[in-house]
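As they're listed, the protein sequences go chains W and G. Position 191 of the first sequence, counted from 1, bears residue number 191 in our numbering, the numbering being contiguous throughout. Position 8 of the second sequence, counted from 1, bears residue number 213 in our numbering, the numbering being contiguous throughout. Single-structure report; data block below.
There are 2 protein chains.
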Amino acid sequence: MSNASAPSPAFRRAEPDARRLSLIEACARVLARVGAAGVSVRAIAQEAGVSVGLVGHHFGGVDALVSATYDHVDGKVTEALDDAVTRAGTHARARLEDFVTGSFAPPIADPALLATWIAFWSLVTARQDIARQHDEQYAGYRARLETLLADCGLPEARRRHAAIGITALVDGLWLELCLSPGCFSPEEARDIARGFLATIISKDR
Amino acid sequence: MSNASAPSPAFRRAEPDARRLSLIEACARVLARVGAAGVSVRAIAQEAGVSVGLVGHHFGGVDALVSATYDHVDGKVTEALDDAVTRAGTHARARLEDFVTGSFAPPIADPALLATWIAFWSLVTARQDIARQHDEQYAGYRARLETLLADCGLPEARRRHAAIGITALVDGLWLELCLSPGCFSPEEARDIARGFLATIISKDR
DNA sequence: TTGCTTGTTGAACGATCGTACAACAACGGG
DNA sequence: CCCGTTGTTGTACGATCGTTCAACAAGCAA
């Protein structure tokens, strides 16, 4: 039964980018499971199946890894919503509706993703770089929303308040959908959001 | 200048309830400052100006103190909103509006309180007792809201969706008001919330 | 095969964590 | 005045934290 000719390697080398990605994904899973209060280098390394030192080698420290995870998760959310808009076709109202209700469907409605996001929120107070990342993320989301509202013919004077309100409603529904999953369904969240949009944009067009 | 007759005491004894309250308030301040990830027995004790052992003596552990802080902060929020409703008088629509917009005025709009609340959210995933406390708090808020909606003549069939939507909008506005304080003002949040209410409840009555 | 690059490991370090507990002292009742 | 109650202190302990770094080895080039 010996296998001397192929002494299976103790570990596999990986491309730096690939290894960084696997660490980022492991960090996101740990954040979702134990929250920002319980995240640690050792927990992340174990989740990724590597040693503790590798985090320092690729990211310099756990803070940079958490920050990179924020960027990565935000990118996935943005990509998913952009895909939803593209799939909606060219009808402006449909593009807006699918952008807004996209937050209540996979992969964004995933409880693990929401828990990860809450962990980032909890770090805004304590860490300046996370606060900056949040500001950029929030501004980007609102800017995309305002563009979609403009395409629906909403006058510029009303876009700002509309975008703030829609974002708040979506965030609140998304949040509660994660914290108390049994309270209401994604379909109900969609209906509520669609009803709010109907009060802002005229039904036709 | 000697004062031998009054050798100033090294510490003051306090009523258990009073000491517990001061520890709870110190815990809330620490949660607001450093978030759930940075809270510790030593930080809380230093904030309250007492020794580390006192936390264990009065609460048994830091987890119970955090849980008690959640109860206390939730009680203060509920009290402030109930006061707003009482001050609004007997007009049903005014009571509803002041209940909803009360979240954008002191003491609830206080950034420290919001940061504390986010810290609780971040613990929902990791701690079952915090999750239960959240469910109770959320159910209580929605029940009060549904009562106010009923007083405004909203048919029962529409109350559930309306309450979920209003709660989500308020939570989202409250959240962003804390995370990016410079983005929009409490007055704007009030206007947006009032506009949403107007689409749910007929203007008269 | 040999040698080099470098991704990877795991032990070691000091700091900080939560908790336990024995000693101390403030304060009220005798 | 003294004494008992008990709120309070501060040290001690083991566990875990983030980081560092010398040694190892996987994979590629020659």
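Positions of the beta carbon are idealized from the N, C-alpha and C atoms, including for glycine.
Query, Result
"Spatial neighbours of A285/G in its chain, beta-carbon cut-off 7 Å, leaving aside the 5 residues before and after", "G307, P312 and I313"
"E156/W, buried or exposed, once every other Cβ within 10 Å from all chains shown has been counted against 16", "exposed"
"A4/W versus S180/W: straight-line alpha-carbon distance, rounded", "The pLDDT assigned to A4/W is 42, lower than 50, so where the model puts this residue is not dependable; a value taken from the coordinates is nonetheless given after this. Each residue's Cα considered, the two are about 55 Å apart."
"Test: G370/G CB closer than 8 Å to a CB of chain W", "yes"
"I147/W: contacting residues in chain G (beta-carbon distance under 8 Å)", "At residue 147/W the sequence reads Thr, which differs from the Ile that was named. By Cβ distance, chain G contributes nothing, its closest Cβ being about 18 Å from T147/W, past 8 Å."
"Against chain G: residues of the segment 120-139 of chain W by CB proximity under 7 Å", "W121, S122, L123, V124, T125, A126, H134, D135 and Y138"
"Beta-carbon contacts of I229/G that lie in its chain and below 8 Å, excluding the five residues immediately before and after", "L270, A273, T274 and H277"
"Alpha helix (DSSP H) runs wholly inside the segment 286-353 of chain G, at least 4 long, in chain order", "297-306 and 316-329"
"Three-way DSSP call (helix, strand, coil) for G35/W in this model", "coil"
"Reduced DSSP secondary structure (H/G/I, E/B, other) of A14/W", "coil"
"Proximity of V305/G and A219/G at Cβ, strictly below 8 Å", "no"
"Min CB distance V260/G to chain W below 8 Å", "no"
"CB contact flag (S122/W, A26/W, <8 Å)", "no"
"Within the segment 146-189 of chain W, ranges of the alpha helix (DSSP H) (whole runs, at least 4 residues)", "156-179"
"Residues that R282/G contacts on chain W, provided the C-beta gap is smaller than 7 Å", "Note on residue identity: the sequence assigns Val, not Arg, to residue 282/G. Residues of chain W passing the Cβ test: none, with the nearest at roughly 16 Å."
"Run of the alpha helix (DSSP H) containing V55/W, from where it starts to where it stops", "G53 to F59"
"Three-way DSSP call (helix, strand, coil) for G280/G in this model", "helix"
"Contact with chain G by F104/W, beta-carbon distance below 8 Å", "no"
"Residues near D396/G in its chain [Cβ-Cβ closer than 7 Å; skip 5 each side]", "none"
"Closer than 8 Å to chain G by CB, D191/W", "yes"
"Option nearest R224/G by Cα separation, candidates H296/G, A250/G, D356/G and Q338/G", "A250/G"
"G53/W versus L113/W - alpha carbon distance", "26 Å"
"Any C-beta of chain G under 8 Å from that of V62/W", "no"
"Which of helix, strand or coil DSSP assigns to I406/G", "coil"
"Proximity test, Cβ basis, 8 Å: H161/W and chain G", "yes"
"Short-range partners of chain W found in the segment 239-258 of chain G, where Cβ spacing is below 8 Å", "V239, G240, A241, A242, G243 and V244"
"Sequence-distant residues of the same chain with beta carbon closer than 6 Å to I200/W, five excluded per side", "A162"
"For D74/W and Q128/W, believed in contact at Cβ under 8 Å, the rounded distance", "With a Cβ gap of about 17 Å, Q128/W and D74/W do not count as contacting."
"Extent of the continuous alpha helix (DSSP H) run through V50/W", "Unbroken run through V50/W: none, as it is neither H nor E."
"Secondary structure of G272/G, DSSP reduced to three states", "The displayed chain sequence assigns Ser, not Gly, to residue 272/G. Helix."
"D171/W at chain G interface by Cβ criterion, 8 Å", "yes"
"Between the CA atoms of F216/G and A403/G - distance to the nearest angstrom", "56 Å"
"CB contact check: E381/G to chain W, cutoff 8 Å", "yes"
"V34/W versus F120/W, L175/W, L145/W and R87/W, residue with shortest Cα-Cα distance", "F120/W"
"Secondary structure of S22/W, DSSP reduced to three states", "helix"
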